[in-house]
Amino acid sequence: MQIPRRGQIAIFDRSWYGRVLVERVEGLTPIPDWIRAYEEINEFERTLASDRTLFVKFWLHISQEEQLRRFIALTMDKAEAWQISAEDWEHHRKYDEYLAAVNDMLENTHTEVAPWYAVPATDQYYATFQIMSVTINRLEAALGEKVTVWPKLSEIEAHASSGAKADGQTSSSKSKKDKRDDDDDGSTKPTESEVSPPDEIAPTVDGENVAVADTKPKRRRTTRRAAPSSKKA
């Protein structure tokens, strides 16, 4: 494992949290060792944070039922079945044990310098949006600069409206040119009134405010594939 240098970004899957998750549930690490690991992890992250390392830790949560659905879908797909092993099914059976380990991990390693963000991940698009939003907000706060300006709904609608008008003007000009061509070659082409351009679908949003995951760890049900994994940047 290589820690990123100044100015670099690294993304870790599980990283140094293996002792308090997989090794704990599977009995690979003695109880006193994984209990002690919480403070060792916190101290390690505090040391890096003191050197201006920015931590953004995510736990991507899906229910046991959703995990089962994904496992079955992968198993039924010949091109993707290789991703699921007997070990994965065994870990799925121990879902509740991993859930307890995850809750303890979030509670004991959520700190001011290295907070956890629990993200519902059943909808992958929603999860991606939340992760990107939190990451951008954390980076902007650390840099002291507001570099991202989210467009307002009124601006999106105005942009869509101007685009529709431009398309209408283009269609009108093209229609006039086609009419001149018809007069020249004697052929018959549809006029503007006979051909309706497709309606432009303006994007819609639920509101201008974006909700992000709470920095405080919450006791949630969790999931994993081969084993629970924490993503860290």
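The sequence shown runs 114 to 346 under this note's numbering.
Cβ coordinates follow ideal geometry from the N, Cα and C atoms, glycine included.
Because the structure is a prediction, the values reported are computed rather than measured.
For the ligand COA, I want to know if residue i counts as a neighbour, meaning its beta carbon is within less than 8 Å of at least one of the ligand's heavy atoms.
| i | result |
| --- | --- |
| Glu220 | As presented, the structure is devoid of all ligands, the ligand COA included, so that no description of it is given. |
Measuring CB to CB, does residue i end up less than 9 Å from residue j?
| i | j | result |
| --- | --- | --- |
| Trp172 | Val215 | yes |
| Leu181 | Ile197 | no |
| Trp129 | Phe168 | no |
| Ile175 | Thr222 | no |
| His205 | Gln237 | no |
| Lys259 | Glu253 | yes |
Comparing C-alpha positions only, which one of the options sits nearest to residue i?
| i | options | result |
| --- | --- | --- |
| Arg155 | Ser275, Ala227, Val247 | Before going on, a small fix: residue 155 reads as Asn here, not Arg. Looking at the Cα atoms, Ala227 is the closest of the given residues. |
| Arg137 | Trp202, Ala213, Gln115 | Ala213 |
| Lys170 | Ile249, Trp263, Tyr230, Met245 | Tyr230 |
| Glu203 | Val135, Arg118, His272 | Val135 |
| Leu121 | Arg159, Arg165, Thr224, Glu193 | Residue 121 is actually Gln in this sequence, not Leu. Checking every option, the nearest Cα to that of Gln121 belongs to Arg165. |
| Arg149 | Ile249, Met218, Phe184 | Met218 |
| Thr224 | Ser274, Glu152, Ala255 | Glu152 |
| Glu139 | Arg118, Phe184, Tyr208, Ile185 | Tyr208 |
| Gly131 | Pro117, Ile185, Trp147, Arg118 | Trp147 |
| Pro117 | Arg127, Leu161, Pro143, Ile144 | Leu161 |
| Arg119 | Asp126, Arg127, Ser163, Pro143 | Ser163 |
| Pro199 | Ile185, Ile124, Glu179 | It should be noted that the sequence gives Ala, not Pro, for residue 199. Considering only alpha carbons, the answer is Ile185. |
| Val262 | Arg159, Trp195, Asn250 | Asn250 |
| Pro264 | Asp201, Leu256, Ala273 | Ala273 |
Looking at the secondary structure, which residues open and close the beta strand (DSSP E) in which residue i lies?
| i | result |
| --- | --- |
| His174 | 170 to 174 |
| Trp229 | 229 to 233 |
Between which two residues does the alpha helix (DSSP H) carrying residue i extend?
| i | result |
| --- | --- |
| Val138 | 135 to 138 |
| Met114 | No alpha helix (DSSP H) holds Met114; DSSP gives it neither H nor E. |
| Leu219 | 208 to 222 |
| Ser246 | 237 to 256 |
| Glu225 | Looking at the DSSP string, Glu225 is not in any alpha helix (DSSP H), and its letter there is neither H nor E. |
| Tyr130 | Unbroken run through Tyr130: none, as it is neither H nor E. |
| Thr188 | 177 to 189 |
| Pro145 | 144 to 163 |
Since I believe residue j is in contact with residue i (beta carbons under 8 Å), could you give me their beta-carbon distance rounded to a whole number of angstroms?
| i | j | result |
| --- | --- | --- |
| Ala240 | Val247 | Not really, about 11 Å apart at Cβ, beyond 8 Å. |
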